[in-house]
Structures are given as C-alpha cells and as structure tokens.
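Asker:
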Amino acid sequence: MTLSNLPKTWLIDVDGTIVRHNGHKFGGDILLDGVREFFAKIPQNDKIILLTSRLKSEIPALESFLKSQNIRFDCIISDLPFGERILINDNKPSGLICGYVINKKRDEHLQIEFKIDNDL
Numbered sequence: 001m002t003l004s005n006l007p008k009t010w011l012i013d014v015d016g017t018i019v020r021h022n023g024h025k026f027g028g029d030i031l032l033d034g035v036r037e038f039f040a041k042i043p044q045n046d047k048i049i050l051l052t053s054r055l056k057s058e059i060p061a062l063e064s065f066l067k068s069q070n071i072r073f074d075c076i077i078s079d080l081p082f083g084e085r086i087l088i089n090d091n092k093p094s095g096l097i098c099g100y101v102i103n104k105k106r107d108e109h110l111q112i113e114f115k116i117d118n119d120l
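The sequence shown: position 67 = 67 (UniProt numbering), numbered continuously.
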C-alpha cells in the first residue's frame, strides 16, 4: 500500500488485531506478533485511534497494558457494537484515495506493508 506524506488517521481494532481476542478475559492481554514493528513504522505526526467493543470500565487496564508495551495511541473508542465497522470517506480532487480498509484474520501476525510516497 502506497500512502501520501500527508498526516493520516489510523483506525485500528484492538481485539484480534493487535492483541489476542478476548485475552483480557482469560489472564490478560497478549500483544500479537508484528504489532510493535507495525506501530513503529507509523509516522509520529499521524493520529492513532483504537476501536474496541470492550466496556469503558475495561479501558484503563487496556491503556496500561498498551503503554507497558510501548504501543502509542491518541485515543480509544470503547463500547462499540460487535458487528461490522464501515468507513465512508471522500477522495481528494487530485485523485488521492483517502480511505482504505484492511481485513486480517483474527489473532494472526500483524503484517501490513505500507510505504510513504512524497510525490502523492
């Protein structure tokens, strides 16, 4: 995936995407393979919004875990429904695509490749 050098907003699911699905209910969260490396590649001026169906009361423990693992984020949106997440966005007049969706298998290694193209 090739992205522009403009600041971006990353909307990233928590359970099954960056930590083991429902791990917090069975002994504690476990960071999935590849997550540290993926987050390290996200430019510092980008915003990271984490999405979860976890209850608001469960968020302090999640925040603490993520901070202990050096996973940066700007906010966590909790109490979301268990169903699909739908992104609707417009493209820039220049033709720049401004919305992407990536689906991965639950609890598998996070291996999403992207590069920044300064000419976009």
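Yeah, the Cβ is synthetic: ideal placement off N, Cα and C, and Gly gets one too.
For phenylalanine 38, which residues of its own chain have a beta-carbon under 7 Å away from its beta-carbon, when the five flanking residues on both sides are left out?
Answerer: Here residue 38 refers to the residue found at position 38 of the sequence shown. Here the set comprises Leu110, Ile112.
Asker: Just tell me which of Gly28, Thr52, Asp90 has its CA closest to the CA of serine 68.
Answerer: Locating residue 68 in the sequence shown gives position 68, where the first residue counts as 1. Taking only the C-alpha atoms, the option nearest serine 68 is Gly28.
Asker: When you compare only the Cα positions, how much space is there between tyrosine 100 and lysine 47?
Answerer: Position 100 of the sequence shown holds residue 100. Position 47 of the sequence shown holds residue 47. Rounded to whole angstroms, tyrosine 100 to lysine 47 spans 15 Å at the Cα level.
Asker: Give the single residue among Ile18, Asn103, Lys25 whose Cα lies nearest to the Cα of aspartate 33.
Answerer: Locating residue 33 in the sequence shown gives position 33, where the first residue counts as 1. Out of Ile18, Asn103, Lys25, Ile18 has the C-alpha closest to the C-alpha of aspartate 33.
Asker: Do you know offhand how far isoleucine 30's Cα is from arginine 36's?
Answerer: As a working note, residue 30 is residue 30 in the sequence shown. As a working note, residue 36 is residue 36 in the sequence shown. The straight-line gap from Cα to Cα measures roughly 12 Å.
Asker: What residue ranges within the region 47–82 form continuous alpha helix (DSSP H) runs of no fewer than 4 residues, ordered along the chain?
Answerer: Those alpha helix (DSSP H) runs which fall completely within the region 47–82 and span 4+ residues are 59–68.
Asker: So proline 81 packs on serine 53, CB below 8 Å; how close in whole Å?
Answerer: The sequence position of residue 81 within the sequence shown is 81, counting from 1. The sequence position of residue 53 within the sequence shown is 53, counting from 1. Indeed they touch by this definition, with Cβ atoms about 7 Å apart.
Asker: According to DSSP, is valine 19 helix, strand or coil?
Answerer: Counted from its first residue, the sequence shown places residue 19 at position 19. Strand at valine 19.
Asker: Assuming isoleucine 77 and isoleucine 49 are in contact, meaning their beta carbons sit under 8 Å apart, how far apart are those beta carbons, in whole angstroms?
Answerer: By 1-based counting over the sequence shown, the position of residue 77 is 77. By 1-based counting over the sequence shown, the position of residue 49 is 49. The pair is a contact, with the Cβ atoms about 6 Å apart (cut-off 8 Å).
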